[in-house]
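**Student:** Before we start, here is the structure in question, set down as structure tokens.
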Ligand SMILES: [Mg+2]
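Residue numbers (the numbering used here): 1 to 395.
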């Protein structure tokens, strides 16, 4: 079999607000189809700035056309070496490689008439536990009622303990709760520890990105001082991006983004690295599209150290138009049994949703996270004010 062409599909997913954040995000999804001379077509997705990933994918066409798609590792290494002049370990390059790699696993599954999870070692489980995003008790109760979720995450660092206390009172002790601080640059290590200590009483499943993700030493200090499992890893690419987090056991939960870590191949290597350190895997979703989510389901079906899958329930309408939804039922997602990834995109839906941009916009004035009057400076990097008001909480 030979690869004959690749085609990219960039679409505007919609505009949404990250839970607990004041930023509005203009989301895009970039899919790729890899065509072969035997008529088998593979589907993949690349994240990490999708509009740029699309251009990177166009550049990779000459690298992959003519290759036998069954030789996934050979093609992956060829892509890495050929693009290393652009820098080897960052997104969006890893997002483009991710999309190709994912499509190759899809092709292999279709060629062998078996699901991707079977190629990865077979099933550890038939269904994947999912968690949702809830910033208020009302939203939490809605998600528990509608999807049977038994795990919910809230975000931000503004009166976090107050927020978690309200959620805990609403949903009781049988629902796992998590906090994602989103690692804002102004969140000092001391404050991350103070917030973390105020959250210990709630027995969280994990405390995510308490400090900026590139500050590994700061993350270690949080790990050493806060008695909650620490989670991180969504913004890194390739196994080298998360190597220290795993090898030095700085995290308890590793959260690779299935769209930009570098593909299913990298996810499997990362999972094995994590297994050796008794670290569990909880893939990041967030802005990620539905093809990458399918890939995550196959991976989590096969690896022993799968913890849980992030999922945007009640997401933008496009998610449920561009691919068939696998519903969350009783808090779990059923693992698909069709050959390959078992999913395809509706190309008409992609065409009907052209991408117009890929940036976040500042939050609204006086939204509580930042001092009124300063919101139109970049909300993410500016120094936080009202420290007492922000950190207060916990009863
Ligand atoms: Mg996160």
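Yeah, the Cβ is synthetic: ideal placement off N, Cα and C, and Gly gets one too.
Please confirm whether residue 6 and residue 41 have their CB atoms less than 8 Å apart.
**Tutor:** Mapped onto the chain shown, residue 6 falls at position 6. Mapped onto the chain shown, residue 41 falls at position 41. Cβ atoms of residue 6 and residue 41: not closer than 8 Å.
**Student:** Where are the alpha helix (DSSP H) runs, 4 residues long or more, that stay fully inside the region 180 to 218, in chain order?
**Tutor:** Here the runs fully enclosed are 189 to 199.
**Student:** Would you tell me roughly how many angstroms separate the C-alpha atoms of residue 333 and residue 150, rounded to the nearest one?
**Tutor:** In the chain shown, the residue the question calls residue 333 occupies position 333. In the chain shown, the residue the question calls residue 150 occupies position 150. About 13 Å.
**Student:** Are three or more beta carbon pairs between the region 111 to 124 and the region 298 to 310 nearer than 8 Å?
**Tutor:** A contact exists between the region 111 to 124 and the region 298 to 310.
**Student:** Would you tell me roughly how many angstroms separate the C-alpha atoms of residue 328 and residue 85, rounded to the nearest one?
**Tutor:** In the chain shown, the residue the question calls residue 328 occupies position 328. In the chain shown, the residue the question calls residue 85 occupies position 85. Cα to Cα, the separation comes out at about 42 Å.
**Student:** Could you tell me which residues DSSP puts in a beta bridge with residue 28?
**Tutor:** The residue labelled residue 28 in the question sits at position 28 within the chain shown. Answer is 12.
**Student:** Hey, is residue 293 close to ligand 1, as in C-beta under 7 Å from one of its heavy atoms?
**Tutor:** The count along the chain shown starts at 1 and reaches residue 293 at position 293. Every heavy atom of ligand 1 is 7 Å or more from the Cβ of residue 293, so no.
**Student:** Where DSSP assigns a beta bridge to residue 178, which residues make up the other side?
**Tutor:** Here residue 178 corresponds to residue number 178 of the chain shown, with the count starting at 1. Paired residue(s): 153, 206.
**Student:** Starting from residue 232, trace the beta strand (DSSP E) in both directions and tell me its first and last residue.
**Tutor:** The residue labelled residue 232 in the question sits at position 232 within the chain shown. 230 to 232 is the extent of the beta strand (DSSP E) around residue 232.
**Student:** Hey, would you say residue 233 sits closer than 8 Å to residue 210, going by beta carbons?
**Tutor:** Taking the first residue of the chain shown as position 1, residue 233 is located at position 233. Taking the first residue of the chain shown as position 1, residue 210 is located at position 210. No, these two residues do not count as a Cβ contact at 8 Å.
**Student:** Is there at least one non-hydrogen atom of ligand 1 closer than 7 Å to the beta-carbon of residue 180?
**Tutor:** Here residue 180 is taken as the residue at index 180 of the chain shown, counted from 1. Checking the Cβ of residue 180 against ligand 1 gives yes.
**Student:** Using the beta-carbon count (16 or more within 10 Å), is residue 266 buried or exposed?
**Tutor:** Along the chain shown, one-based indexing puts residue 266 at 266. Label assigned to residue 266: buried.
**Student:** Hey, quick one: how far does the beta strand (DSSP E) through residue 249 stretch, first residue to last?
**Tutor:** Sequence index remark: in the chain shown, residue 249 carries index 249 (1-based). First-last for residue 249: undefined, no H or E at that position.
**Student:** Where does residue 298 fall in DSSP's three states?
**Tutor:** Taking the chain shown and counting its residues from 1, one reaches residue 298 at position 298. Note: residue 298 maps to helix in three-state DSSP.
**Student:** Leaving out the 5 sequence neighbours to the left and right, which residues in its chain are closer than 6 Å to residue 128 when beta-carbon positions are compared?
**Tutor:** For the purposes of this step, residue 128 is taken as residue 128 along the chain shown, with counting starting at 1. Answer for residue 128: 297, 300, 309, 333, listed in chain order.
**Student:** Report the three-state DSSP secondary structure of residue 23 (helix, strand or coil).
**Tutor:** Counting from 1 along the chain shown, the entry for residue 23 is found at position 23. Confidence in residue 23 is poor, its pLDDT being 48 and thus under 50, which makes the residue's placement unreliable; the coordinate value appears in the next sentence. Of the three classes helix, strand and coil, the one that applies to residue 23 here is coil, per DSSP.
**Student:** According to DSSP, which residues form a beta bridge with residue 5?
**Tutor:** On the chain shown, residue 5 is found 5 positions in, with the first residue counted as 1. Paired residue(s): 35.
**Student:** Since I believe residue 68 is in contact with residue 1 (beta carbons under 8 Å), could you give me their beta-carbon distance rounded to a whole number of angstroms?
**Tutor:** Mapped onto the chain shown, residue 1 falls at position 1. Mapped onto the chain shown, residue 68 falls at position 68. Confirmed, about 6 Å.
**Student:** Would you mind stating whether residue 213 and residue 243 have Cβ atoms separated by less than 8 Å?
**Tutor:** Residue mapping note: residue 213 aligns to position 213 of the chain shown, counting from 1. Residue mapping note: residue 243 aligns to position 243 of the chain shown, counting from 1. Not a contact, by the Cβ cut-off of 8 Å.
**Student:** Tell me residue 131's beta-bridge partners as DSSP assigns them.
**Tutor:** Position 131 of the chain shown, counted from the first residue, corresponds to residue 131. According to DSSP, residue 131 bridges with 310.
**Student:** Can you tell me which residues form a DSSP beta bridge with residue 284?
**Tutor:** Translated into the one-based positions of the chain shown, residue 284 becomes position 284. Bridge partners of residue 284: 257.
**Student:** Tell me the rounded alpha-carbon separation between residue 339 and residue 165.
**Tutor:** Here the question's residue 339 lines up with position 339 in the chain shown. Here the question's residue 165 lines up with position 165 in the chain shown. Going by the C-alpha atoms only, they are around 44 Å apart.
**Student:** Could you check which residue in 249, 268, 59, 139 has the C-alpha nearest to that of residue 312?
**Tutor:** Locating residue 312 in the chain shown gives position 312, counting from the first residue. Ranking 249, 268, 59, 139 by Cα distance to residue 312 puts 139 first.
**Student:** Using the DSSP secondary-structure output, state which residues sit across from residue 115 in a beta bridge.
**Tutor:** Locating residue 115 in the chain shown gives position 115, counting from the first residue. DSSP lists 340 as partners of residue 115.
**Student:** Are the region 44 to 62 and the region 87 to 99 in contact at 8 Å, needing three or more beta carbon pairs?
**Tutor:** Because the criterion of three Cβ pairs below 8 Å is met, the region 44 to 62 and the region 87 to 99 touch.
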